[in-house]
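The numbering used here puts the first residue of the sequence shown at 450, with every later residue one more than the last. Beta carbons: idealized from backbone N, C-alpha and C, even for Gly. Bear in mind the structure is a predicted one, so any value in this text is a computation, not a measurement. Heads up, the thing below is written out as structure tokens.
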Amino acid sequence: MTEQKQFRAIKGTRDIQPPDSTLWNWFEQSARDVFESYNFREIRLPIFEETSLFARSVGGETDIVSKEMYSFPDRSTSSDATADAGDLISLRPEATASTMRAYIEHGMHALPGNVKLYYMGPMFRRERPQKGRYRQFYQIGAEVLGQSDAPAIDAEVIEMLMTFFSRVGLIRTTLYINSIGDKNCRPQYVELLRAELRKVKDQLGADSQRRIETNPLRVLDSKIPQEQEIIAKLPKISEHSCDACREHFAKLKEELKLRGVSYQENWRLVRGLDYYTRTTFEVIAEGLGSQNAVCGGGRYDGLVELLGGPPTKGIGFAIGTDRAILSIQESGNLPKLPGLDVFVAWLGLEAYPTAVGLTKKLREAGLSVELPGEEMKFKKSLNLADKLGARYALIIGSDEVATGRFTLKRLADADQKKLSEYELLEYLESERRGTRG
Ligand code: HAM
């Protein structure tokens, strides 16, 4: 006999199973509720796009584009099978680029006011898997696009993010903010930084040495212990930013205070994607080890233009759902989520039609109900109800069918009541309102 291959999920991917999936749904629904209260609306984007869209926006030299994308040539649509292999496409490593593409493609700049969009779904990066780092991971992101770059927009986006985190009980967090300048002041700063870094090149590791030439700002991001002392002495962007950037950042901080959002400044927060200008921010959470960033974001004025659209300002963020949920789980601060309400223990074939009918009514009333498809012994039935975590067992035997009064047993304390169909529905509905809020 040949041995059967045991299939396993591909490295860096995983299944989100019940009961975790219930927690995920609750988390995503809470994001929808909070974001929609700020007048954001959902955009559903494709999972893959042209590779060059990501190269152009995220940046060809970034780790994400140069090392981590899942890219492949699409099969040619040409009828000639020997024709070229077709365009290179990539699984999306993030969704800001796709949002910009959609904004341009659908002429959203013509819409009134700011365009406020949110999205959620899987992203793909070929990183080394570890706790909180996956190759298929999930983000919930939000983007604001329009003509204004008012610091109030940055502040509102950050306020919304922190409101959401507190709504889902992710409270042991730190918000870091920074301003990395714009096209008027950053190029000079980058040159200055490069010149300073060249002086200390020998003391830096291979990655940082390479970045001196490709992207010196990223050296500031280094976590290598031996480099920390050197980095601490490098010139800071805040000492070299233009008046407009400085004013924008000062106003952002005022706006955050006005909204009661606490933050810490971190001049080394430069982010790993090329499209940022001015405001950058990140939120870190406890209980995650080294992969502790649960959200990253910032302003990206000019990105729409870079992709061939009209002059547009933009800001947004993306939450790492896997990490945020992991942090909530580690904190033990879990919400009470709905489970199985009623297990219908029917006894004897004559009780079955009544059980089916009543089950349908309970489900219509919004309750979660389990109805066994085969007759079970009474004891076995209650045992299973218990194991499934049902809150009640509804007992329907020949007596109940004859009298029209059903036995409802609360499994936590074995408290039992005899109720008519009307009383039963009434009781379970009001009880559910009480426990589920
Ligand atoms: P990002 O910092 O690359 O930004 O990703 C945002 C968040 O996604 C991270 O803080 C982290 O929580 C999560 N994340 C990233 N990679 C992984 C991974 N391999 N496994 C698990 N979680 C991960 C962006 O993607 C930008 N598009 C954010 C943005 C939107 N900026 C402006 N608008």
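* To do: Name the residue from Gly815, Glu824 and Gly509 whose alpha carbon lies nearest to the alpha carbon of Ala804.
  => Glu824
* To do: Report yes if the C-beta of Thr545 is less than 8 Å from at least one heavy atom of the ligand HAM; otherwise report no.
  => yes
* Asked: Does DSSP put Ser690 in a helix, a strand or coil?
  -> coil
* Alpha carbon to alpha carbon, what distance is there between Leu857 and Asp835? -> 14 Å
* Give me whichever residues DSSP pairs with Cys744 in a beta bridge. => Val732 and Ile768
* To do: Return the residue from the list Arg493, Ile620, Gly570 and Ala839 that minimises the CA-CA distance to Ala551.
  => Arg493
* Phe698 in three-state terms, based on DSSP -> helix
* Sorry if obvious, but does the Cβ on Glu731 come closer than 8 Å to a heavy atom of the ligand HAM? -> yes
* Report yes or no: do the segment 760-778 and the segment 729-747 share at least 3 C-beta pairs separated by less than 8 Å? => yes
* Just the Cα atoms here: how many angstroms apart are Gly781 and Thr462? -> 24 Å
* Asked: Any chance the CB of Glu576 is under 8 Å from a heavy atom of the ligand HAM?
  -> yes
* **heavy atom of the ligand HAM below 8 Å from Leu722 C-beta** => yes
* Asked: Is the CB-CB distance between Ser506 and Leu752 below 9 Å?
  -> yes
* Which partner residues does Tyr625 have in the DSSP bridge list? -> Gln713 and Glu731
* Tell me whether Val593 is buried or exposed, calling it buried when 16 or more other Cβ atoms sit within 10 Å of its Cβ. => buried
* Asked: From Asp670 to Ala504, what does the alpha carbon distance come to, in whole angstroms?
  -> 21 Å
* Which class does Ser671 belong to by DSSP, given the choice of helix, strand or coil? -> coil
* **Sequence-distant residues of its chain with Cβ nearer than 7 Å to Glu890 (five each side left out)** => What is shown of the chain runs 450 to 886, which leaves residue 890 out entirely.
* How is Phe476 classed by DSSP in three states: helix, strand or coil? -> helix
* Asked: Among residues of its own chain, excluding the 5 on either side of Phe698, which ones have a beta-carbon nearer than 6 Å to its beta-carbon?
  -> Ser628
* What's the gap between the Cα of Leu646 and the Cα of Ala546? -> 31 Å
* To do: Starting from the Cα of Tyr801, find the closest Cα among Glu849, Leu837 and Lys829 and give me that residue.
  => Glu849
* **beta-carbon Gln740 near the ligand HAM non-hydrogen atom, thresh 8 Å** => yes
* Ser597 versus Phe614, Arg621 and Lys565, residue with shortest Cα-Cα distance -> Lys565
* Asked: For the 8 Å Cβ check, are there 3 or more pairs between the segment 705-717 and the segment 653-661?
  -> no
* Asked: For the ligand HAM, is there a heavy atom less than 8 Å away from the beta-carbon of Ile764?
  -> yes
* **For Ser539, three-class secondary structure by DSSP** => strand
* What are the start and end residues of the beta strand (DSSP E) that includes Ile845? -> Tyr841 to Ile845
* Are there 16 or more other CB atoms within 10 angstroms of the CB of Glu911, so buried, or fewer, so exposed? -> A query on residue 911 cannot be resolved here, the shown segment of the chain reaching from 450 to 886 and no further.
* **Local conformation of Ala794 per DSSP, three classes** => strand
* To do: Would you mind sorting Arg490 into buried or exposed? The rule is 16 or more other CB atoms within 10 Å of its CB.
  => exposed
* Asked: Does the ligand HAM have even one heavy atom less than 8 Å from the beta-carbon of Asp864?
  -> no
* Asked: Is it the case that the CB of Arg481 approaches a heavy atom of the ligand HAM more closely than 8 Å?
  -> no
* Could you tell me which of Pro468, Leu796, Gln585 and Pro636 sits nearest to Lys828, measuring between CA atoms? => Leu796
* To do: Would you identify the three-state DSSP class for Thr726, choosing helix, strand or coil?
  => strand
* Residues near Pro495 in its chain [Cβ-Cβ closer than 8 Å; skip 5 each side] -> Arg541 and Ser547
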